[in-house]
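Asks: This structure is in structure tokens; I'll ask about it shortly.
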Amino acid sequence: MTEPSAADNKGKWMALLAAFLGWMFDGLEIGLFPIAGRPALRELLSGRPEGDVGLWFSGIIACFLIGAAAGGILFGWLGDRIGRVKAMVWSVLCYSIFSGLCCLVRAPWQLGALRFIASLGMGGEWALGVSLVSEIWPAKSRPLLSGLIGAAANVGFLLVGFIGLGLGTFVGGLGSGLRVVLPDAWVEALLRNNGWRMLFLVGSVPALLTFFIRIFVPESEKWKSAAGSGPKPKVSDIFASGLGRTTILGACLAGVALMGTWGSVQWVPAWVGSMTIKEHAPTWLANMNNAQRVAWTQIFLAVGSITLAIVIPLLAQKFNRRLAYVGMCALSLVICEVLFLWKPEFGLTFLVLATLANGISAGFYGWLPLYLPELFPTRIRATGSGFCFNIGRVIASAGALGGGALHKQVFAGDYAKMCSVVCLIYIAGLIVIWFCPETKGKPLPE
Numbered sequence: 003m004t005e006p007s008a009a010d011n012k013g014k015w016m017a018l019l020a021a022f023l024g025w026m027f028d029g030l031e032i033g034l035f036p037i038a039g040r041p042a043l044r045e046l047l048s049g050r051p052e053g054d055v056g057l058w059f060s061g062i063i064a065c066f067l068i069g070a071a072a073g074g075i076l077f078g079w080l081g082d083r084i085g086r087v088k089a090m091v092w093s094v095l096c097y098s099i100f101s102g103l104c105c106l107v108r109a110p111w112q113l114g115a116l117r118f119i120a121s122l123g124m125g126g127e128w129a130l131g132v133s134l135v136s137e138i139w140p141a142k143s144r145p146l147l148s149g150l151i152g153a154a155a156n157v158g159f160l161l162v163g164f165i166g167l168g169l170g171t172f173v174g175g176l177g178s179g180l181r182v183v184l185p186d187a188w189v190e191a192l193l194r195n196n197g198w199r200m201l202f203l204v205g206s207v208p209a210l211l212t213f214f215i216r217i218f219v220p221e222s223e224k225w226k227s228a229a230g231s232g233p234k235p236k237v238s239d240i241f242a243s244g245l246g247r248t249t250i251l252g253a254c255l256a257g258v259a260l261m262g263t264w265g266s267v268q269w270v271p272a273w274v275g276s277m278t279i280k281e282h283a284p285t286w287l288a289n290m291n292n293a294q295r296v297a298w299t300q301i302f303l304a305v306g307s308i309t310l311a312i313v314i315p316l317l318a319q320k321f322n323r324r325l326a327y328v329g330m331c332a333l334s335l336v337i338c339e340v341l342f343l344w345k346p347e348f349g350l351t352f353l354v355l356a357t358l359a360n361g362i363s364a365g366f367y368g369w370l371p372l373y374l375p376e377l378f379p380t381r382i383r384a385t386g387s388g389f390c391f392n393i394g395r396v397i398a399s400a401g402a403l404g405g406g407a408l409h410k411q412v413f414a415g416d417y418a419k420m421c422s423v424v425c426l427i428y429i430a431g432l433i434v435i436w437f438c439p440e441t442k443g444k445p446l447p448e
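Counting in this note's numbering, the sequence shown runs from 3 upward without gaps.
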């Protein structure tokens with residue numbers, strides 16, 4: 003067997019780094035809204051009740067999820083036609099530019115529209131990065147690499163938490179620095195209401211990643227071979243040749259995972275933002291402002307997510323794919339119900355429970371990059387993986403919209419009660435997984 007050259011080894015690591023950074027910045031972009039969304043909407047909906055804020059919050063999340071679904075299909079198809087690397091450049095540019103433009107909005111519908119367009123690129127990057135790494139790295143490395151890619155988005159969430167914490171703590175000093183280069187009116191607008199506009203402006207930074215991708219990341223040789231030996235792929239191909247049932251089941255698996263996250267766990271920072279601190283709270287807690295509490299919540303959530311996203315695919319390799327999925331559904335259901343029905347006051351107990359709930363539910367994002375590429379042949383792998391993961395986002399958007407309606411109309415602004423209902427979706431996952439193929443030990447389809 004021919005040993006891989008130094009150039010091949012370098013190419014593998016560059017591809018992994020690009021996929022990791024791309025999904026990390028995806029996570030940063032996604033994590034912006036749970037922190038910045040509520041203060042943004044409270045400013046844009048000045049004087050309106052909390053129920054209206056929650057309804058707009060859920061509506062914009064739904065727009066994001068639908069946009070990400072469309073982007074996953076669009077950029078996945080583009081990656082199968084023009085190559086993983088070229089399509090990845092365009093997807094990163096898309097989500098960077100339009101996320102940054104959110105800092106200029108003057109109305110909630112503008113925020114929703116820009117989040118929708120940005121989400122097209124976010125949805126596309128996942129399928130492209132996962133396909134590229136799956137095709138360049140050997141099979142024995144894929145469980146760990148899937149976990150790293152799954153953890154990458156949560157590293158982005160962690161960064162958002164620290165950025166939010168920094169803004170909340172050092173907003174005065176930051177304003178002094180910005181006034182050196184920007185007019186006072188601009189600085190005031192950027193830093194008003196916990197600096198939510200500044201947070202969205204940070205979202206434009208990943209555009210710099212596109213230069214690295216274009217220069218250093220090699221194209222998949224498997225894709226080149228498949229693209230040169232067959233017809234151009236169509237989206238309809240993922241339903242041809244007996245793949246239709248597999249595609250639908252894969253989308254359902256992703257839908258359960260994403261609805262559980264976006265319909266419940268992703269609301270935890272907004273829930274914290276609506277909490278009032280009791281008079282008997284310890285000094286360290288009483289001294290925190292609202293933005294700091296939300297930022298610390300995001301940081302705790304991200305730590306749990308990073309850890310479990312790496313561990314779960316390794317367990318799926320040791321045992322099998324289906325048992326790992328069953329375990330995640332069962333544990334997510336139990337811990338989420340304890341958190342949302344018990345409703346502990348904000349403090350260490352709350353943060354530990356929220357960390358466990360988010361960590362286990364985030365394990366799906368290490369499992370899905372391992373499992374979904376194993377369902378599709380090379381020439382339609384990005385399209386198929388992107389379709390399944392992102393149609394899952396469409397399913398999740400129904401959970402977000404339904405959750406928003408429950409939050410306002412049924413539970414009178416109670417985030418926890420709404421989340422306790424939506425996370426029952428994990429029961430469906432316990433059933434659907436047994437209709438899916440077990441892929442452990444099988445080579446990627448060619």
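For glycine and all other residues, C-beta sits at the position ideal for the given N, C-alpha and C.
Whose C-beta lies closer than 6 Å to the C-beta of S363 among residues of the same chain, with five residues either side of it excluded?
Replies: G262, T263, V267 and S334
Asks: Taking only three categories from DSSP, how would you classify S48?
Replies: Three-state DSSP puts S48 in coil, outside helix and strand.
Asks: Could you check whether E127 and S93 sit closer than 8 Å to each other, using their CB atoms as the reference points?
Replies: yes
Asks: Where does F35 sit, in a helix, a strand or coil, going by DSSP?
Replies: In the structure shown, F35 sits in a helix (DSSP, three-state: H, G or I).
Asks: Between the alpha carbons of M330 and R323, how many angstroms are there, rounded?
Replies: 11 Å
Asks: Please list the terminal residues of the continuous alpha helix (DSSP H) segment that includes C425.
Replies: Careful: C425 lies outside any alpha helix (DSSP H) and carries neither H nor E.
Asks: Can you find the residues in the same chain that come closer than 6 Å, C-beta to C-beta, to T4, ignoring five residues on each side of it along the sequence?
Replies: Below a pLDDT of 50, predicted positions are generally treated as unreliable, and T4, at 46, falls in that range; the measurement from the model is reported next regardless. Answer for T4: no residue qualifies.
Asks: Just the Cα atoms here: how many angstroms apart are L150 and G49?
Replies: 43 Å
Asks: Under 8 Å, with one C-beta from each stretch per pair, do the stretch 421-433 and the stretch 96-103 reach the 3-pair mark?
Replies: The stretch 421-433, when compared against the stretch 96-103, does not touch it at the 8 Å Cβ threshold.
Asks: Between S387 and D186, what straight-line distance do the alpha-carbon atoms span, to the nearest angstrom?
Replies: The C-alpha of D186 is placed about 47 Å away from the C-alpha of S387.
Asks: With a threshold of 7 Å on Cβ separation, who are the neighbours of R144 within its own chain once the five nearest residues in sequence on each side are excluded?
Replies: So the list reads S136 and L372, once near-sequence residues are dropped.
Asks: Assuming L211 contacts F27 under a Cβ cut-off of 8 Å, what Cβ separation, rounded to an integer in Å, is found between them?
Replies: 6 Å
Asks: Note the first and the last residue of the continuous alpha helix (DSSP H) segment covering S93.
Replies: R86 to G102
Asks: Relative to the C-alpha of V237, which candidate in L134, A384 and G394 has its C-alpha closest?
Replies: A384
Asks: Tell me whether P140 is buried or exposed, calling it buried when 16 or more other Cβ atoms sit within 10 Å of its Cβ.
Replies: Exposed: under 16 other Cβ atoms inside 10 Å.
Asks: Where does the unbroken alpha helix (DSSP H) through F213 begin, and where does it stop?
Replies: Run containing F213: L211 to F218, per the alpha helix (DSSP H) assignment.
Asks: Less than 8 Å between C-beta atoms, sequence neighbours within five positions excluded: which residues of the same chain meet that for I314?
Replies: G149, G152, A326, M330, G365, F366, G368 and W369
Asks: Spatial neighbours of P510 within its chain, please: CB distance less than 6 Å, with the 5 preceding and 5 following residues excluded, ordered by chain position.
Replies: One cannot answer for residue 510 here, as it falls past the ends of the chain, which runs 3 to 448.
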